[in-house]
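Structure first, commentary second.
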Amino acid sequence: MPPLPQSVPIAWYLTLSAILFVLGVAGFLYRRNVITVFMSIELMLNAVNLSFVTFSYKLKEVDGHIFSFFVMVVAAAEAAVGLAIILTVFKNRQTLEIDEVSSLRN
Amino acid sequence: MDAILFLLFAAIAVICAVNLVVQTHPISSALSLVGVMGALAALYLLLGGEFIAAAQLIVYAGAIMVLFIFVIMLLNAGAEHKALKKSWVKFAGIPLLVALLGLVSFLVQTLIPQTVGVNFGGFTHGTALDVGRALFTAYLLPFEVTSVLILIAILGAIVLARKEID
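Shown next as structure tokens:
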């Protein structure tokens, strides 16, 4: 095993971000529960936030933190509206399976 | 020391993310997502983002995940019963995702200069003072527009959750 570097390479952070993003995509594609699908989207947003903060470190600018903050705000708004939509769908159809909610097909 | 801390929290984040995808019960997935967010907050601190780490814990792990768990409990959501129907999707999906991950990792390793390393304390302009100064000078208009967005989201959530749509 090679010795650990003194400072963490910036590519490690970006690779971790890519791993988390791909796991979020996998959850989005494979899970059938609409709430879990929604949480996978939050995981993808978090992975992109990590990239923003990492590039902010690399460029020595604070702008990446600002973008990350805006992503958080938009995620909060999205969670509020999305969960309200899920509540309404459940009230009308009594199901959380995304395959069951297909009235927009065709 | 930096590398040990990074590897520790990266391992926590990846294990919790895998758990999120693998678990069938939504509550287990939600708790795994809280673990991912906590580990990411620690990584933000290592990168010098004090404000963003605190906001991550308060907004994401605190507010948004509580909202998720409220909805899961309100709807009494149980474990998933049905597996994915199309079997070819199951077999083609994982290799394609691994290929995507390999491509992105390759691009990151080749395009990003290897000389830049992250040390704790190497970037000290992520405090609430600096973020606030940038937010209220250069990014004032987006910040104000965001407040309108939040207002619309509140109204939308109230309208949607109040009554059934015919």
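Heads up: the sequence lines are chains A and B, in that order.
No gaps in the numbering here: position 25 of the first sequence is 25 in the working numbering, and each next residue is one more.
No gaps in the numbering here: position 9 of the second sequence is 1009 in the working numbering, and each next residue is one more.
Backbone N, C-alpha and C define an ideal beta-carbon position, used for all residues, glycine too.
The structure presented is a predicted model; accordingly, all values stated were derived computationally and were not measured.
For the pair Gly1117 of chain B and Ile10 of chain A, the CB atoms are nearer than the 8 Å cut-off. For Ala1042 of chain B, no Cβ of chain A is located within less than 8 Å of the residue's own Cβ. Using a CB distance below 9 Å, the part of the region 1128-1142 of chain B facing chain A consists of Asp1130, Val1131, Arg1133, Ala1134, Leu1135, Ala1138, Tyr1139 and Pro1142, ordered along the chain. Scanning the region 1031-1077 of chain B for uninterrupted alpha helix (DSSP H) segments of 4 residues or longer gives 1050-1055 and 1065-1075, listed from N- to C-terminal end. The Cβ atoms of Tyr1044 of chain B and Ile1052 of chain B lie closer than 8 Å to each other. Going by beta carbons, Ser17 of chain A and Ser51 of chain A fall inside the 8 Å limit.
Taken in chain order, the complete alpha helix (DSSP H) segments of 4 residues or longer contained in the region 1111-1156 of chain B are 1128-1136.
Residue range Asp1002 to Val1022 is occupied by the alpha helix (DSSP H) that includes Leu1020 of chain B. Straight through space, the alpha carbons of Val1159 of chain B and Ile85 of chain A are spaced by roughly 10 Å. Three or more beta-carbon pairs separated by less than 8 Å link the region 1131-1147 of chain B to the region 61-71 of chain A, which places the two stretches in contact.
Closer than 8 Å to the CB of Leu1045 of chain B there is not a single CB belonging to chain A.
Annotated three-state conformation of Pro1026 of chain B is helix, per DSSP.
Residue contact check for Ile1012 of chain B against chain A: no CB pair falls below 8 Å. Residue-level contact check: Phe1091 of chain B does not touch chain A, since none of the beta carbons of chain A fall below 8 Å from its beta carbon.
Bridge partners of Asn33 of chain A according to DSSP: A:Glu97. In the DSSP secondary-structure assignment, Val8 of chain A is bridged to B:Val1118. Taking C-alpha positions only, Arg1162 of chain B is separated from Ser1029 of chain B by approximately 27 Å. Between Leu83 of chain A and Leu1155 of chain B, the CB-CB gap reaches or exceeds 8 Å. Interface flag for Met1037 of chain B against chain A is set, since a Cβ pair is found closer than 8 Å.
Excluding its 5 nearest sequence neighbours in each direction, Ala1010 of chain B has C-beta neighbours in its own chain below 8 Å: Ala1039 and Leu1043, listed in chain order. Using a CB distance cut-off of 8 Å, Ser7 of chain A counts as an interface residue toward chain B. Close to Ser1029 of chain B, with beta-carbon spacing below 7 Å, are these residues of chain A in chain order: Thr36 and Met39. Taking C-beta separations shorter than 8 Å and ignoring five residues to either side along the sequence, the partners of Leu1047 of chain B in its chain run Val1118, Phe1123 and Gly1126, following chain order. For Val62 of chain A, the nearest CB of chain B lies under 8 Å from its own CB, placing it at the interface with that chain.
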